[in-house]
Each structure stands twice: as C-alpha cells, then as structure tokens.
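If you count the sequence shown from 1, position 194 lands on 194 in the UniProt record's numbering, and the numbers rise without skipping. In this text, a Cβ means the ideal position worked out from N, Cα and C, and glycines have one as well.
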Amino acid sequence: ELFVSGWSNGDASNYLNIFVPLAERHDGTSGSSGARIDGDSATQPVNISGGNDYLRIVGLRINNTSTAQRCIYGELETNDYVQIDSCLIDNTGTGQSIALQHTIVVETRTLIIKNNILYGDGTPSKGIYVRAWGAYGACTLDATLQNNTVNNCGVGIDMEENSQGVLNVTLENNICTNNTPDFDDSSYLSQGTISGNNNCSEDATGNDWDGSGSIISQTPSDLFVTEGSDLNLKTGSNAIDAGKTIAEFDNDALHLESDD
C-alpha cells in the first residue's frame, strides 16, 4: 500500500511528487511491464486521503484483484490540487479503479486526472469516479479529466453530486469503450457544469455535452492494438490526431523538467 499523509505547506513550486522513473515505468500494456503495486483485500493500493495541498502521482502501475478495495482513492478534505498522471491500472476486482471525492470541507478543491490507462475485465464497478458530495455544507470540486483510456471497467467515467455538492468537470480527449455506460452523469444534478470536447466512446455518451470533435460508435477493435492486453492506439485508429494537442489543454500548475 502507498498511503500519502502528513506533509504540509505545499504550493506550485514545492510539492510532493511521487513517480516511477521513465526507465522503470510501464509501457501501456497489460501484463508485467514496469514497477508495480499489487492490491489486496485489506488495503487500497494507493490512498491519498489526509494529505495537504499539491500532490502529483505519476507513472504508477497498479495490479488489483481485490473485491473490496479501490485502486487509487482519496477524500480531498485537506489536500487541494491533486494530479494523477500517466498511471496504468489492471483491475480485475470489483472496486473502482480511480475514485476521488470531496465531501466535507466547505471549500473548493482542484483535481486533474490525465494520461491514465485503465484495464478491466468487466468486474470493476467504475473506471474513473469523481464526486462532490457535501455532507456538512456546500463543497465544490473542479475536476479536469484529459487523455484517459478506460476499457471494460463497469461504468467508464462516472460524475456525481448531491444537493450540497458542486462538481465542475472538463472532459477532453478521453477514450471509453466496452463500459456500461462509457460516460455517466445520471447522478449529476447540474449544480456545476460539465464541458466535453474530443471524447471517444463505443456508445453514444461521449457526445453528451455541448462541445465539438467527439467520435462515437468506436469499438475496442477499431481503436486499440489488442483490447485485453494493449490499449495503445493501433495504426489507422480513428482516435489518432482526432483530439486536442497537449499544448492546447495544458493547464498543469506542476511543471517538472524531467521524471528521469
């Protein structure tokens, strides 16, 4: 288990950066590439609840078979500006692959989830789950989801808020296939806003929001090298050069020179 807690006074120049060096990082395929964290029934593989502002997690590989645990989990009560970037999750358990929520403190939290690859076998309940759920008063979560690939993970990307939660979501360049549904806002009360551009789905949900450039009716075999083991885009995939460039949506406050 990786449990992140106890640091303080982070800012955009001084922050906790947890990463796997490029030489030891996964190659985007399911299997054994790269250093990894294995989940079990007793603990969440990565738990970021209880930290402080500014946290960057980059390049982790997580293999999870547990029926009880979420792979990357966080209650964003004391930590603002959390970024999950370039992680690979093999989830054959029933828990959510990435689940981050803001539920208690009456403040705004910022979250970026980008460049992640999520493999499932149909048993996970959700791929990416973001939630603003005010328990003791109004709370706001501003979530940006960019360049994520989610396949066969139950619900692909799920966005949820209650009567005291305000969830603002920016969706760009996400690919969701073989999920039910690929994108889900059925528990979203529209107290915040969802904006979506250049998303790709197998069902029609990738085109649910006012925006442009989304493509739908794309099966895993249309897009990927091999659905169960290699979610890199294959030659001729309709998703190649179909989205925004990184320069167009780069809103990352945590810029590093290198992850080597």
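Worksheet entry | Buried or exposed (CB count within 10 angstroms, at least 16 for buried), leucine 22 | The residue in question, leucine 22, is exposed, as its Cβ has fewer than 16 Cβ neighbours within 10 Å.
Worksheet item: In or out: aspartate 142 buried (at least 16 other Cβ within 10 Å) or exposed?
Response: Aspartate 142 comes out buried.
Worksheet item: Are the beta-carbon atoms belonging to asparagine 63 and aspartate 38 less than 7 Å from one another?
Response: Their beta carbons are under 7 Å apart, which means asparagine 63 touches aspartate 38 by this criterion.
Worksheet item: Beta-carbon separation of serine 33 and cysteine 71 under 7 Å?
Response: Result no, Cβ atoms of serine 33 and cysteine 71 do not sit closer than 7 Å.
Worksheet item: valine 166 to glycine 74, Cα distance in whole Å?
Response: Valine 166 and glycine 74: Cα-Cα distance of roughly 17 Å.
Item to complete: Please say whether cysteine 139 and valine 169 have beta carbons closer to each other than 7 Å?
Response: Not in contact: valine 169 and cysteine 139 (Cβ atoms no closer than 7 Å).
Worksheet item: Leaving out five residues before and five after glutamine 69 in sequence, what residues of the same chain have Cβ atoms less than 6 Å from its Cβ?
Response: Gly39, Gln44, Gly95, listed in sequence order.
Item to complete: Specify the secondary structure class of aspartate 53 as computed by DSSP and reduced to three states.
Response: DSSP places aspartate 53 outside both helix and strand once states are collapsed to three, so it counts as coil.
Worksheet item: Which of the three DSSP states, helix, strand or coil, is assigned to alanine 247?
Response: For alanine 247, the secondary structure class from DSSP, reduced to helix, strand or coil, is helix.
Practice prompt. Counting only the same chain and skipping the five closest in sequence on each side, list residues whose C-beta sits under 7 Å from that of tyrosine 136.
Written response: In its chain, beyond the 5 residues on either side, Ile104 have a beta carbon closer than 7 Å to the beta carbon of tyrosine 136.
Discussion item. What residue range does the beta strand (DSSP E) around leucine 223 cover?
Written reply: Premise fails: leucine 223 lies in the alpha helix (DSSP H), 220-223, not in any beta strand (DSSP E).
Worksheet item: Contact check, cysteine 153 vs leucine 111 under 8 Å by CB: the rounded distance?
Response: For cysteine 153 against leucine 111, the beta-carbon gap comes to about 19 Å, at or over 8 Å, which does not count as contact.
Discussion item. Helix, strand or coil for alanine 239? Go by DSSP, reduced to three states.
Written reply: Here alanine 239 carries a coil assignment [DSSP, helix/strand/coil].
Worksheet entry | Per-residue burial, glutamate 161 [other beta carbons within 10 Å of its own, 16 or more giving buried] | The residue is buried, with at least 16 neighbouring Cβ atoms inside 10 Å.
Worksheet item: Are threonine 92 and aspartate 121 closer than 7 Å when you measure CB to CB?
Response: Yes, they are a contact pair.
Discussion item. Within 10 Å of its beta-carbon, does isoleucine 246 have 16 or more other beta-carbons around it, so buried, or fewer, so exposed?
Written reply: Result: exposed.
Worksheet entry | CA-to-CA distance, glutamate 77 to asparagine 151, given in whole angstroms | Spanning the two alpha carbons is a distance of roughly 29 Å.
Worksheet item: Are the region 215-229 and the region 195-207 touching by the rule of at least three beta carbon pairs closer than 8 Å?
Response: The region 215-229, when compared against the region 195-207, does touch it at the 8 Å Cβ threshold.
Item to complete: Using beta-carbon positions only, say whether glutamine 101 and glycine 134 come within less than 7 Å of one another.
Response: In this structure, glutamine 101 sits away from glycine 134, with a CB-CB distance that is not shorter than 7 Å.
Worksheet entry | For serine 49, the nearest candidate out of Asp230, Asn147, Val4, Thr180 (CA to CA) | Serine 49 has its Cα closest to that of Val4, out of Asp230, Asn147, Val4, Thr180.
Worksheet item: Does the distance from the CB of asparagine 115 to the CB of aspartate 158 come in under 7 Å?
Response: If you check the CB distance, asparagine 115 and aspartate 158 do not come in under 7 Å.
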